[in-house]
């Protein structure tokens, strides 16, 4: 859609000159002129590709009564603005040429590869939720999908005879142009799919419609796909089934694409090729040694243990090689398994326990204070605190105080604004 001021008339003779016809040429004259010049300039016959493209562009515009009217009145610029550039509707020049020969080519051999160009259908993307176990072991999932398939009864023609007619409403382009006069030298142009042929550019006689697809050329079908999830695949990795999306006549079928969505695991976390797991030790285990069993993603039980005298510090990590995730397409190679240790300290100690620890643990590195030094200090009291909750409450209090200040400021300023408005 656009509005355009035509202060001066643009060139509206170029397309006629390209085809070598006068401005009074009939539709039949245009066809003959285009066909003759296009055969002569076809690239497959050694012709000039640019000239071939210009011929197609000129014929596409002048063969459409509505586009021709716009061109004759306002020139090529109006068409460019209304259709996003290019003068015509942007159709492939080889498609326009092949339409004169039933979709084939006059040069034999079923037509050139360019003459048989087809547009590509859209890909269909589905998320595929899998567990971490699936990605560790690999799995195959069967999924049932619905899609459009070319009608087998009419081979995607839509008719019993296989014949169709060029739509008279859009002259076979599949698109219609609506024009409105907004004022002197101003027009509004809208391009939309033809409602008579639903944008196909073809119509089928009601009596000749295929009884299976009712002229739609495609029928719905169920398709079961086996999706092979390989070991070591990553979150967001894609599995593609080429040419399995919706089928349509004269269209290269798009792909069905599954995007892996890894579900969260209650125990293991994954980072690339490595796995991470949390484990809490008692203070005794951290100081004197520990052993525990870790059940892996494939069901194996791993014995995790430390050696006597090997002290585990809080918030420390230890790694086990070759127990991480399999590496994609190299499943016999694996990353590391990291264990993050936290230490559970006792809430308090009895006097006897304190003395026992003092006897076996290293002496404090700081020097003991004398009674005189202690008397000169102010005594304090430590208490337990949840630091995250503490900070959250402080932030909330600051926000509330800020909101109160904003509310107080609103009243004087608001009153002043009202007073100024009344003066």
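In full-length UniProt numbering, the protein residues as written are 1 to 423. Backbone N, C-alpha and C define an ideal beta-carbon position, used for all residues, glycine too.
Exercise. Could you tell me which of 270, 181, 390 sits nearest to residue 326, measuring between CA atoms?
Key: The sequence position of residue 326 within the chain shown is 326, counting from 1. Selected option, being the one with the closest Cα: 270.
Quiz item: Taking the alpha carbon of residue 33 as the point to measure from, which residue in 19, 43, 404, 60 has its own alpha carbon closest?
Solution: For the purposes of this step, residue 33 is identified with residue 33 of the chain shown, where counting begins at 1. Nearest of 19, 43, 404, 60 to residue 33, Cα basis: 19.
Quiz item: Between residue 283 and residue 289, what straight-line distance do the alpha-carbon atoms span, to the nearest angstrom?
Solution: Translated into the one-based positions of the chain shown, residue 283 becomes position 283. Translated into the one-based positions of the chain shown, residue 289 becomes position 289. Rounded to whole angstroms, residue 283 to residue 289 spans 10 angstroms at the Cα level.
Quiz item: Quick one: what's got a C-beta closer than 6 angstroms to residue 383's C-beta in the same chain, skipping five residues either side?
Solution: Looking up residue 383 in the chain shown gives position 383. Answer for residue 383: no residue qualifies.
Quiz item: CB residue 318 to CB residue 226, shorter than 8 angstroms?
Solution: Within the chain shown, residue 318 is the residue found at index 318, counting from 1. Within the chain shown, residue 226 is the residue found at index 226, counting from 1. Contact flag unset, no.
Quiz item: Using 8 angstroms as the Cβ pair cut-off and three pairs as the minimum, do the region 124 to 134 and the region 196 to 211 touch?
Solution: no
Quiz item: Rounded to a whole number of angstroms, what is the C-alpha to C-alpha distance between residue 320 and residue 334?
Solution: Here residue 320 refers to the residue found at position 320 when the chain shown is read from its first residue. Here residue 334 refers to the residue found at position 334 when the chain shown is read from its first residue. Going from the Cα of residue 320 to the Cα of residue 334 covers about 11 angstroms.
Quiz item: Distance, Cα to Cα, residue 54 vs residue 235?
Solution: What you label residue 54 is simply residue 54 of the chain shown in a count that begins at 1. What you label residue 235 is simply residue 235 of the chain shown in a count that begins at 1. Straight-line Cα distance between these residues: approximately 49 angstroms.
Quiz prompt | Cβ of residue 332 within 8 angstroms of any chain D Cβ | solution = You won't find chain D in this structure, because it holds only one protein chain.
Quiz item: Is it true that the region 344 to 357 meets the region 162 to 171, where meeting means three or more beta-carbon pairs spaced less than 8 angstroms apart?
Solution: no
Quiz prompt | Boundaries (first-last residue) of the beta strand (DSSP E) holding residue 228 | solution = Position 228 of the chain shown, counted from the first residue, corresponds to residue 228. Note, residue 228: beta strand (DSSP E), 218 to 229.
Quiz prompt | Reference residue 120, options 28, 216, 249, 94, closest by Cα | solution = Counting from one through the chain shown, the residue named residue 120 turns up at place 120. Selected option, being the one with the closest Cα: 249.
Exercise. Compare the Cα-Cα distances from residue 67 to each of 246, 173, 244 and report the closest residue.
Key: Within the chain shown, residue 67 is the residue found at index 67, counting from 1. Residue 67 has its Cα closest to that of 173, out of 246, 173, 244.
Practice problem: Measure the CB-CB distance between residue 341 and residue 385 and report whether it falls below 8 angstroms. | Solution: Residue numbering aside, residue 341 sits at position 341 when the chain shown is read from its first letter. Residue numbering aside, residue 385 sits at position 385 when the chain shown is read from its first letter. Cβ distance not < 8 angstroms, so residue 341 and residue 385 don't count as in contact.
Self-check item: Candidates 166, 377, 397: closest to residue 198 by CA position
Solution: Here residue 198 refers to the residue found at position 198 of the chain shown. That would be 166, whose Cα lies nearest to the Cα of residue 198.
Quiz item: Where DSSP assigns a beta bridge to residue 296, which residues make up the other side?
Solution: Reading the chain shown from its first residue, position 296 is the one you call residue 296. Its beta-bridge partners do not exist; DSSP assigns none.
Quiz item: How should residue 192 be labelled, buried or exposed, when 16 other C-beta atoms within 10 angstroms of its C-beta is the threshold for buried?
Solution: Residue numbering aside, residue 192 sits at position 192 when the chain shown is read from its first letter. Exposed: under 16 other Cβ atoms inside 10 Å.
Practice problem: May I have the straight-line CA-CA distance separating residue 114 from residue 137, to the nearest angstrom? | Solution: The sequence position of residue 114 within the chain shown is 114, counting from 1. The sequence position of residue 137 within the chain shown is 137, counting from 1. Caution is warranted here: a pLDDT of 45 is assigned to residue 114, below 50, making its placement in the model unreliable, and the coordinate value is therefore given only provisionally. Looking at the two C-alpha atoms, the distance is approximately 46 angstroms.
Quiz item: Can you tell which of 181, 247, 272, 217 has the C-alpha that lies nearest to the C-alpha of residue 237?
Solution: As a working mapping, residue 237 is identified with position 237 in the chain shown. Comparing Cα positions, the closest option is 272.
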